[in-house]
Amino acid sequence: MKKHPDEHIMQSLIELQRTEHSIIAAVIDPDHNIVAIGKTRVLEDHDPTAHAEVIAIRKACQLLKKHTLPKGYWIYSTFEPCPLCSAAIIWSELDGVVYSNNPTYRGNEQNWSFISCAEVLQSGAYIHEVVLEKDFLIDEIKDYFI
Numbered sequence: 001m002k003k004h005p006d007e008h009i010m011q012s013l014i015e016l017q018r019t020e021h022s023i024i025a026a027v028i029d030p031d032h033n034i035v036a037i038g039k040t041r042v043l044e045d046h047d048p049t050a051h052a053e054v055i056a057i058r059k060a061c062q063l064l065k066k067h068t069l070p071k072g073y074w075i076y077s078t079f080e081p082c083p084l085c086s087a088a089i090i091w092s093e094l095d096g097v098v099y100s101n102n103p104t105y106r107g108n109e110q111n112w113s114f115i116s117c118a119e120v121l122q123s124g125a126y127i128h129e130v131v132l133e134k135d136f137l138i139d140e141i142k143d144y145f146i
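Residue numbers for the sequence shown follow UniProt numbering, so the first one is 1 and each next one is one higher.
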C-alpha cells in the first residue's frame with residue numbers, strides 16, 4: 001500500500017489551483033486514486049459552505065452512496081482546511097488530511113482559519129481520529145496569494 005503524502009497528487013492539485021484560480025481539494029481512495037475533486041465556489045454559488053473540501057467530501061459520499069467514507073480514504077487540499085472543513089473531515093470519517101499552503105502565506109486574504117485544522121482535529125478526535133500532514137510541498141504554492 002502506498003503511503004501518504006503523495007507528491008504526484010498534490011502537484012496535480014496545485015497545478016489545478018493555478019489554472020482554476022481557486023482552492024482545490026480531492027478525496028483519495030486507499031489505492032491513491034482521486035475519487036472526487038472540489039473547487040471553492042463560495043462566491044459563485046452564494047453559499048458560505050461551498051469550500052473545496054466540503055464539495056469534494058459531498059461528491060465522494062454521493063458517488064459511494066455513503067454518509068461516511070470507507071477506511072483508508074484521505075483528503076488533500078491546496079490550503080489548510082478551515083474549522084468548517086476540518087469538522088466535515090471528522091464527520092465524514094476520513095483517515096487523514098494532507099494540505100499544502102497555510103494562513104501564513106495568505107497575502108491580503110482574510111484569515112478564515114482562525115482555529116487551526118490541527119486544533120479542530122485534536123478536539124474532535126473522540127469522534128474520529130484523523131492523521132494530519134501539513135505544509136506538504138508548501139514551497140510550490142506559498143506564493144499564490146502573495
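Using N, Cα and C, we set each Cβ at its ideal position, and we do this for glycine too.
Original post:
Cβ atoms of A36 and L63: under 8 Å apart, would you say?
Top reply: Position 63 of the sequence shown, counting from 1, holds the residue named residue 63. Position 36 of the sequence shown, counting from 1, holds the residue named residue 36. Contact flag set, yes.
Original post:
Between H32 and D6, what straight-line distance do the alpha-carbon atoms span, to the nearest angstrom?
Top reply: Locating residue 32 in the sequence shown gives position 32, where the first residue counts as 1. Locating residue 6 in the sequence shown gives position 6, where the first residue counts as 1. About 8 Å.
**OP:** Take the Cβ of T49 as the centre, count every other Cβ of all protein chains shown within 10 Å, and call the residue buried at 16 or more, exposed below.
**Re:** One-based indexing of the sequence shown puts residue 49 at position 49. T49 comes out exposed.
Subject >> Exposure of P30, with buried meaning 16 or more beta-carbon neighbours within 10 Å >> reply: Position 30 of the sequence shown holds residue 30. Per the 10 Å Cβ criterion, exposed.
Original post:
Where do the N-terminal and C-terminal ends of the alpha helix (DSSP H) with E53 fall, by residue?
Top reply: Taking the first residue of the sequence shown as 1, we reach residue 53 at position 53. Here the alpha helix (DSSP H) through E53 covers 52-64.
Subject >> Local Cβ density within 10 Å of A125, reported as buried at 16 or more and exposed below that >> reply: The residue labelled residue 125 in the question sits at position 125 within the sequence shown. Exposed, by the Cβ-count rule.
**OP:** Check whether the Cβ atoms of V131 and M10 lie closer than 8 Å to each other.
**Re:** By one-based count along the sequence shown, residue 131 stands at place 131. By one-based count along the sequence shown, residue 10 stands at place 10. No, they are not a contact pair.
Original post:
If we count the other Cβ atoms within 10 Å of its Cβ and call it buried at 16 or more, is I146 buried or exposed?
Top reply: The residue given as residue 146 occupies position 146 in the sequence shown. The residue is exposed, with fewer than 16 neighbouring Cβ atoms inside 10 Å.
Subject >> Member of A88, S116, E20, D95 whose CA lies at the smallest distance from the CA of residue 148 >> reply: Since the first residue shown for the chain is 1 and the last is 146, residue 148 is missing from the structure and cannot be characterised.
**OP:** Go through its chain and collect everything with a Cβ distance to T40's Cβ below 6 Å, but skip five positions before and after it.
**Re:** The residue you call residue 40 lines up with position 40 of the sequence shown. Excluding sequence neighbours, T40 sits near S22, I23, H51, A52.
**OP:** Using the DSSP secondary-structure output, state which residues sit across from N101 in a beta bridge.
**Re:** Locating residue 101 in the sequence shown gives position 101, counting from the first residue. N101 is bridged to F79.
Original post:
Can you tell me where the beta strand (DSSP E) with V120 in it begins and where it stops?
Top reply: Along the sequence shown, read from residue 1 onward, the residue named residue 120 stands at position 120. Segment 117-123 is the alpha helix (DSSP H) holding V120; no beta strand (DSSP E) there.
Original post:
Going by beta carbon distance, what residues of the same chain come within less than 8 Å of D47, once the five residues before and after it are set aside?
Top reply: Reading the sequence shown from its first residue, position 47 is the one you call residue 47. Closer than 8 Å at the Cβ level, and outside the excluded window around D47, lie R41.
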